Amino acid sequence: MNDGTPRLGHGFRFQWEPAQDCHVLLYPEGMIKLNRSAGEILARCDGTRSVRGIVAELEQTFATAGLAGEVESFIAIAVEKRWLRLEQETR
Amino acid sequence: MNAPRQPGPPMWLLAEVTYRCPLHCVFCYNPVDFASHEHELSTDDWLRVLREGRELGAVQCGFSGGEPLLRDDLEILVGEARRLGYYTNLITSGVGLTEARLDAFKAAGLDHIQLSFQDSTREINDFLSHTRTFDLKQKVARMIRERGWPMVMNVVIHRLNIGQIGRIIEMADELGAEYLELANAQYYSWALLNREQLMPSREQLRAAEAITDEWKAKLADRMRILFVVPDYHEGKPKKCMNGWGNVFLTVTPDGTALPCHTARMLPGLSFPNVGDSSLRDIWYDSPGFNRYRGTGWMKQPCRDCEHKEEDLGGCRCQAYLLAGDAEAADPVCPKSPKHERVLDALAAAERPGAAQRPLIFRDPQESRRRCAEGA
Ligand code: SF4
Ligand code: SF4
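If you're matching them up, the sequences are chains S and B in order.
Each residue of the first sequence is one higher than the one before, counting from 1 in my numbering.
Each residue of the second sequence is one higher than the one before, counting from 1 in my numbering.
Pasting the structure below:
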């Protein structure tokens with residue numbers, strides 16, 4: 001999955017919600033409140049970065065290492081829930 | 001009495017923008033006296049309501065009615081709602097939807113359309129065979145899909161169409177539905193007037209669920225199907241509206257703010273109008289919205305019941321309609337002293353042929369006649 005490029009699933013919208021004081025995912029008739037790390041990951045799932053790239057960026061932003069496992073498993077769950085679509089690099 | 005907990009913000013602003021509708025559904029959820037509330041908020045009023053709702057923290061905005069397409073400022077309202085950051089939902093029968101309007105909704109940023117499969121004729125049994133209806137739905141469904149919206153359909157199920165549920169699902173599939181809600185009629189408003197004719201027997205319901213399960217398995221890869229079981233048959237009160245004044249804020253065409261779209265009928269409660277108070281005051285401070293929040297208002301058997309947090313005593317409107325007391329346990333609950341009224345209705349549905357009375361169609365004339373009679 002590392003080469004895949006995640007983007008939001010059809011019908012989902014990601015935004016900051018002041019009244020909830022967190023990032024949320026909006027979808028038909030519902031809302032998912034996101035914790036801080038989910039918000040940081042999803043904010044980067046805009047179809048321009050690979051999973052590998054997202055991990056690298058987060059590690060840099062938060063000056064840490066070893067985030068790959070957490071990010072990958074979150075993205076895997078999010079894909080299963082259709083919050084995200086994973087586009088594989090073709091070729 | 002416990003003080004009600006301070007509620008969070010509403011998640012939903014439901015804008016019932018008009019009671020006008022070209023259709024005459026026998027299960028319509030609009031109030032029976034809708035024709036006596038003809039006044040409609042202006043565009044500017046609605047824009048203010050949208051703004052106040054968003055400031056209050058609402059994230060979902062539903063445009064419904066009546067038929068919301070009958071407001072020719074709907075594109076403006078949707079555009080503003082989207083700009084404010086709402087997830088925008090249009091709930092429509094599709095009657096009056098054109099390519100041009102859909103393009104305008106797309107440009108306005110409309111997120112989601114739910115197409116309700118109503119009967120556009122007065123021949124309820126024509127529902128499925130009536131080609132004009134089907135052609136219309138097919139056309140509308142295609143136009144919606146072509147513009148990249150998912151096809152989401154809702155069909156109200158009742159005694160007169162439940163026998164054809166397989167055909168309904170098949171048709172939804174032909175229309176490219178990705179999500180199908182099969183909602184058993186709920187007995188309020190017009191559906192209550194027609195309850196005898198609309199309530200399915202247990203056997204009908206069982207068969208329909210079995211058929212739905214087969215289709216669920218068959219279409220698992222492309223359609224999600226939700227079958228909403230009627231609370232009468234289940235004998236289980238529902239947590240109505242997910243709690244009174246908890247999730248939903250409904251604004252009716254004339255600007256009356258309600259915790260649910262039928263709450264206006266409850267006696268002894270007055271609900272504020274958006275012309276007189278801000279949505280914030282309405283949500284947090286109005287007696288109407290606070291009246292049945294939480295569990296503090298309950299009497300027995302709910303007060304000491306282990307399920308009271310789960311179902312909050314069921315539906316206040318149903319308690320009022322069936323038990324004559326809005327503070328009573330919802331009579332669908334077996335613990336309700338008035339539960340036999342629900343059992344009687346269920347028993348009537350078991351009699352072959354059921355009701356012979358003619359159906360009462362939702363229309364303004366009928367509505368006015370009933371207001372005049374005080375019914
Ligand atoms: S239920 Fe039918 S009659 Fe009532 S508002 Fe909806 S489409 Fe119109
Ligand atoms: S008694 Fe009241 S709280 Fe208990 S299950 Fe029945 S309706 Fe719900």
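Even glycine gets a Cβ: it sits at the ideal position worked out from N, Cα and C.
Note that the coordinates shown come from a computational prediction; the quantities given were computed from them, not determined experimentally.
By a beta-carbon distance limit of 8 Å, CYS317 of chain B contacts ALA263 of chain B. Their separation comes to about 6 Å. No Cβ-Cβ contact shorter than 9 Å links CYS61 of chain B with THR43 of chain B. Pairing GLU366 of chain B with THR48 of chain S, the inter-Cα distance amounts to about 58 Å. For the options S:ALA65, S:LEU58, S:VAL51 and S:PHE74, the alpha carbon positioned closest to that of GLN88 of chain S is the one of S:VAL51. For TRP297 of chain B, the three-state secondary structure derived from DSSP is coil. Inter-residue distance for ALA108 of chain B and LEU77 of chain B is about 9 Å (C-alpha atoms, whole angstroms). Judged by DSSP secondary structure, THR212 of chain B falls within the alpha helix (DSSP H) whose first and last residues are 202 to 218. Taking C-beta separations shorter than 8 Å and ignoring five residues to either side along the sequence, the partners of ASN35 of chain S in its chain run CYS22, following chain order. In the three-state DSSP reduction, GLY53 of chain B falls in the helix class (H, G or I). The alpha helix (DSSP H) runs of length 4 or more contained entirely in the region 307 to 363 of chain B are, from start to end of the chain, 308 to 311, 316 to 323 and 339 to 350. Taking each of B:ALA104, B:ASP135 and B:LEU84 in turn and checking the Cα distance to VAL95 of chain B, the smallest one comes out for B:ASP135. The C-beta of GLN6 of chain B comes no closer than 9 Å to any C-beta of chain S. Annotation for ASP330 of chain B indicates a beta carbon within 8 Å of some heavy atom of ligand 2.
When only Cα atoms are considered, ARG101 of chain B and MET143 of chain B end up about 11 Å apart. Within a 10 Å sphere around the beta-carbon of ASP231 of chain B sit 16 or more other beta-carbons, which makes this residue buried.
Counting only the Cα atoms, PRO9 of chain B lies some 11 Å from PRO18 of chain S. At least one heavy atom of ligand 2 lies closer than 8 Å to the C-beta of PRO301 of chain B. In the structure shown, TYR292 of chain B adopts coil according to DSSP, grouped into three states. Within its own chain, the residues whose Cβ lies closer than 6 Å to the Cβ of PRO200 of chain B, once the five positions on either side in sequence are excluded, are ARG159 and ILE162, listed in chain order. In this structure, PRO253 of chain B and VAL17 of chain B form a Cβ contact; the two beta carbons are roughly 6 Å apart against a cut-off of 8 Å. Closest in alpha carbon position to VAL332 of chain B, among B:ALA319, B:ASN290 and B:GLY245, is B:ALA319. Taking a C-beta distance under 9 Å as the contact criterion, TRP215 of chain B and ARG291 of chain B do not qualify as a contact pair. Distances taken from the Cβ of GLY296 of chain B to the heavy atoms of ligand 1 include none shorter than 8 Å.
Ligand 2 approaches CYS333 of chain B closely enough that one of its heavy atoms is under 8 Å from the residue's Cβ.
Interface criterion not met: the Cβ of HIS233 of chain B is under 9 Å from no Cβ in chain S.
Cβ contact annotation for PRO272 of chain B (same chain, cutoff 6 Å, sequence separation greater than five): ALA257, ILE282 and SER286, in chain order.
The contact set of GLN15 of chain S on chain B, defined by CB atoms closer than 7 Å, consists of GLY85 in chain order. From the beta-carbon of VAL26 of chain B, no residue of chain S is found nearer than 7 Å; the closest lies around 25 Å away.
Of the candidates B:ARG341, B:GLN300, B:TRP12 and B:GLN6, B:TRP12 places its Cα closest to the Cα of GLY85 of chain B. Residue-level contact by beta carbon holds for MET11 of chain B and chain S, with a gap shorter than 9 Å. For the pair TYR179 of chain B and MET223 of chain B, the CB atoms are nearer than the 9 Å cut-off.
The three-state secondary structure of GLN60 of chain B, taken from DSSP, is strand.
Among the residues of chain B, those whose CB is under 7 Å from the CB of ALA19 of chain S are PRO9 and GLY57, following chain order. PHE27 of chain B has its Cβ nearer than 8 Å to a heavy atom of ligand 1. From the beta-carbon of MET31 of chain S, the residues of chain B found nearer than 9 Å are MET11, VAL59, GLN60 and TYR87. Between ALA328 of chain B and LYS338 of chain B the beta-carbon gap is near 7 Å, inside 8 Å, which marks them as a contact.
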